[in-house]
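Residue numbers (the working numbering): 54 to 341.
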């Protein structure tokens, strides 16, 4: 396979993989300590999913070469998914437009909620005071988003306190789904039919693996899932690989390495996501 990306390729890069809060220390260096942020590229077209603390590293990497227009897709508005937003370097660059898409507020945008969070006395400035232009888009999870350049991203509602949104990217005959912050055991038999159809035949599903099975028994109703539930979903839907994501802040590198060995045995090719890790999906070849 030619490793040089083309406009038909689909790629993912992880910038933050933790849930709840960031962590640091010698026992979390391998997988990283930043909270949720994932970069998706359809060819060179950039999408950013969630604005946890990992978005700060993405911004530093983009630097002055950041696109003038960036679409930021928010799964929901809990702190671990938005706290990095005002520290994202493109947000501090005049001439940049950040368009924030939010689907878990019954069609309302995130503007009012973020204005409450990023304002005195909780934060020294408002988002409107940042050099970049911030635009807000509200939609209903389950709708398909169509962007100015014609690209489409499918969405799906998730069971989570106050709701959350999954995203699916289809490009060049490949597909990636982002399914974080989901309660797998609250709406009847698993896998749920709507989600099963949403992820069917995807090449990669990025899935909430916050808890072990033993931990989940003590945390029902908190809005998160397990590696085992993710594997069951992927097997039923014919998914190629699972990336365990939104991992627990207390799980060390050793814990996550054990999870990864078990995950790879259950669904070969699957892995626990690491900060900085890239997954490149070359465009599918069409038979002549």
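All C-beta atoms, glycine included, are put in the ideal place defined by N, C-alpha and C. These numbers were taken from a predicted model, which means no experiment stands behind them.
{"query": "Identity of the residue in 117, 305, 133, 93 nearest residue 125 by Cα", "result": "93"}
{"query": "Contact the segment 144-156 vs the segment 187-207: 3+ CB pairs below 8 Å", "result": "yes"}
{"query": "Residues of its chain near residue 77, where Cβ-Cβ distance is below 7 Å and the 5 sequence neighbours each way are ignored", "result": "86"}
{"query": "Start and end residues, beta strand (DSSP E) containing residue 313", "result": "Here residue 313 belongs to no beta strand (DSSP E); instead the alpha helix (DSSP H) covers 306-319."}
{"query": "Stretch pair the segment 133-143 + the segment 108-116: three plus CB contacts closer than 8 Å", "result": "yes"}
{"query": "Residue nearest to residue 98 in terms of C-alpha spacing, selected from 175, 222, 217, 209", "result": "222"}
{"query": "Three-pair Cβ contact test at 8 Å for the segment 226-241 versus the segment 176-188", "result": "no"}
{"query": "Chain B within 8 Å of residue 123, Cβ atoms only", "result": "You won't find chain B in this structure, because it holds only one protein chain."}
{"query": "Residue 171 (DSSP reduced to helix, strand or coil)", "result": "coil"}
{"query": "Element boundaries [beta strand (DSSP E), containing residue 289]", "result": "Where residue 289 is concerned, there is no enclosing beta strand (DSSP E), although the alpha helix (DSSP H) it sits in stretches over 280-290."}
{"query": "Stretch pair the segment 202-218 + the segment 69-76: three plus CB contacts closer than 8 Å", "result": "no"}
{"query": "Cβ-based burial, residue 210 [other Cβ within 10 Å; buried from 16]", "result": "buried"}
{"query": "Where the alpha helix (DSSP H) containing residue 133 begins and where it ends", "result": "132-135"}
{"query": "Rounded separation between residue 256 and residue 294 - CA only", "result": "6 Å"}
{"query": "Outcome for residue 328 when other beta-carbon atoms lying within 10 angstroms are tallied against a minimum of 16", "result": "buried"}
{"query": "Cα-Cα separation between residue 282 and residue 174, rounded to whole angstroms", "result": "41 Å"}
{"query": "Identity of the residues DSSP links to residue 228 by a beta bridge", "result": "223"}
{"query": "Assigned secondary structure, residue 108 (DSSP; H/G/I helix, E/B strand, else coil)", "result": "helix"}
{"query": "Assigned secondary structure, residue 200 (DSSP; H/G/I helix, E/B strand, else coil)", "result": "coil"}
{"query": "Three-state class that DSSP yields for residue 59 in the structure shown", "result": "coil"}
{"query": "Per-residue burial, residue 88 [other beta carbons within 10 Å of its own, 16 or more giving buried]", "result": "buried"}
{"query": "Per-residue burial, residue 55 [other beta carbons within 10 Å of its own, 16 or more giving buried]", "result": "Bear in mind that the predicted position of residue 55 carries a pLDDT of just 37, short of 50, making it unreliable; the figure below should be weighed with that in mind. Burial call: exposed."}
{"query": "C-alpha distance - residue 310 paired with residue 290, whole-angstrom precision", "result": "26 Å"}
{"query": "Other residues of its chain near residue 319: CB distance less than 6 Å, five sequence neighbours each side excluded", "result": "284"}
{"query": "Stretch pair the segment 223-233 + the segment 60-70: three plus CB contacts closer than 8 Å", "result": "yes"}
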